[in-house]
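Before any comments, here is the structure.
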Amino acid sequence: MTISHKDLALAIIQFLETSVSSKVVLEEYAESMDVAIDCIADAFEVDKAEASSIASKFGGLSLLDTVNKSGASSTDVKEEVVEVDADTKAKADAAKAEGNKAMAAKDFDTAISKYTEAIALDPTNVVYLSNRAAAYSSVSQHENAVKDAEAAIKMKPDFSKAYSRLGLAQYALGNAKAAMEAYKKGLDVEGSTPSDAMKRGYETAKKRVEAELESSIATNEPESTERGTDASSGSGSGSGAGSGAGTGAGAGGMPDFSSMFGGGGGGMPNFAEMMNNPQVMEAARNLMSNPNALEGLMSNPAVRQMAQNMGLGGENGGGLENLMNNPMLQNMARNFMGGQGGSGGSQGNSGGSQ
1 MTISHKDLAL AIIQFLETSV SSKVVLEEYA ESMDVAIDCI ADAFEVDKAE
51 ASSIASKFGG LSLLDTVNKS GASSTDVKEE VVEVDADTKA KADAAKAEGN
101 KAMAAKDFDT AISKYTEAIA LDPTNVVYLS NRAAAYSSVS QHENAVKDAE
151 AAIKMKPDFS KAYSRLGLAQ YALGNAKAAM EAYKKGLDVE GSTPSDAMKR
201 GYETAKKRVE AELESSIATN EPESTERGTD ASSGSGSGSG AGSGAGTGAG
251 AGGMPDFSSM FGGGGGGMPN FAEMMNNPQV MEAARNLMSN PNALEGLMSN
301 PAVRQMAQNM GLGGENGGGL ENLMNNPMLQ NMARNFMGGQ GGSGGSQGNS
351 GGSQ
């Protein structure tokens, strides 16, 4: 028989009326109970006078008796599940023993079958679930291993081996963080005497988590890395200027022309790059307008060797006058400073366009 909402409302009304009449509720609250009864009757559109006969819809039981009976039935079911007789336990243990032998022989399918048989006979034994989880992992059925390990933990939270089974299965599935957490809980359960297997599992999973984190960070920063490389290569002239200023005593902070102009190895300069380098252009203006600066620069052995390689002087780099009058250097100056030749034109155009 189906119980409707109105039937249940009448059962509640009957329960409240009985509570008042049997003095379960203090008399001073009787009026409040009457108000509650009226409200329920109005809300569900029922006749509260029918409440006295509603018990027939519940098998002759009041609402309280029905609830108590339902609770008692649940308790009985649980007790039936928990109660496993000695003979059945013995059969379950025998099946487990056969499963263990199959595991030793690496016959994992048979082991799974035997452990499943043991679980069916005695579903309360956490060891059977844990062993089957290990067998599932051995045949790469890691999802099933996770289910059995979690069921074992739920059944007996202080059974440490179940955490080890769970950690192994999660690690095999690629869930390094879940594996690390499982091993960590296992270590907590084992307390002051942790097993070597649990410690190794935890450290292995932890390293994987750390490696995945580092890989994720590296993967998420390709653009900034490229920019850093570009900035580093683009500032090479600037770093050269710093070293030039340090090595060319008396050069007035000139850039490192030995690197800009092809270095001491005899390489020819890249004039297009030099003309687009504001530091080089400014240095050229200073050189053409300040003989002292050029003389100081030429005292740098690397620059003097560079000048010889470029044919800008004699055996010792040539005199200052010869160098200043060298057609190549003058042509460079004119290119740098918009076609004005000579030191005078250079000086007059020191603020020219870049």
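Residue numbers 1 to 354, in the working numbering, belong to the letters of the sequence shown in order. A virtual CB, placed ideally from N, CA and C, is assigned to each residue, including glycine.
Selection from Thr-204, Ser-160, Ala-172 that minimises the alpha carbon distance to Thr-193: Ser-160
Could you tell me the distance, in whole angstroms, from the CA atom of Asp-196 to the CA atom of Ala-218? 33 Å
If you run the structure through DSSP and keep just helix, strand and coil, what is Gln-14? helix
Three-way DSSP call (helix, strand, coil) for Ser-61 in this model: For clarity, residue 61 is Leu in the given sequence; the question names Ser instead. Reduced to three states, the DSSP call for Leu-61 is coil.
At a cut of 8 Å, does the region 40-57 reach the region 7-24 through at least three beta carbon pairs? yes
Helix, strand or coil at Ile-119 according to DSSP, with G and I counted as helix: helix
Determine, using beta carbons only, whether Ala-111 and Ala-133 come nearer to each other than 8 Å. no
Exposed or buried, which one is Ala-104 when buried takes at least 16 other CB atoms within 10 Å? exposed
Among Ala-149, Glu-190, Met-155, Asp-158, whose alpha-carbon lies nearest the alpha-carbon of Ala-179? Ala-149
Beta-carbon proximity of Lys-48 to Leu-61, cut-off 8 Å: no
Taking the alpha helix (DSSP H) that Gly-141 belongs to, which residues open and close that run? In the sequence under discussion, the amino acid at residue 141 is Gln, which differs from the Gly named in the question. Element bounds for Gln-141: n/a, residue is neither H nor E.
For Asp-93 and Ala-152, I'd like the C-alpha separation in whole angstroms. 17 Å
Measure how close the beta-carbons of Gly-186 and Ser-164 come, nearest whole angstrom, since I'm counting them as under 8 Å. 5 Å
From Ser-130, Lys-147, Ala-182, pick the residue whose C-alpha is nearest to that of Tyr-202; which is it? Ala-182
Using a Cβ-Cβ cut-off of 8 Å (strictly less than) and excluding sequence neighbours within five positions of Leu-121, which residues of its own chain qualify? Val-84, Thr-88, Lys-89, Lys-91, Ala-92, Ala-95
Assuming contact is defined by CB atoms lying nearer than 8 Å, are Glu-212 and Ala-172 in contact in what I supplied? no
Is the distance from the Cβ of Leu-166 to the Cβ of Val-146 below 8 Å? yes
For Glu-214 and Asn-131, what's the separation of their Cα atoms in angstroms? 35 Å
Helix, strand or coil at Asn-100 [DSSP, three-state]: helix
Pull up the distance between the alpha-carbon of Ser-216 and that of Lys-207, whole angstroms please. 14 Å
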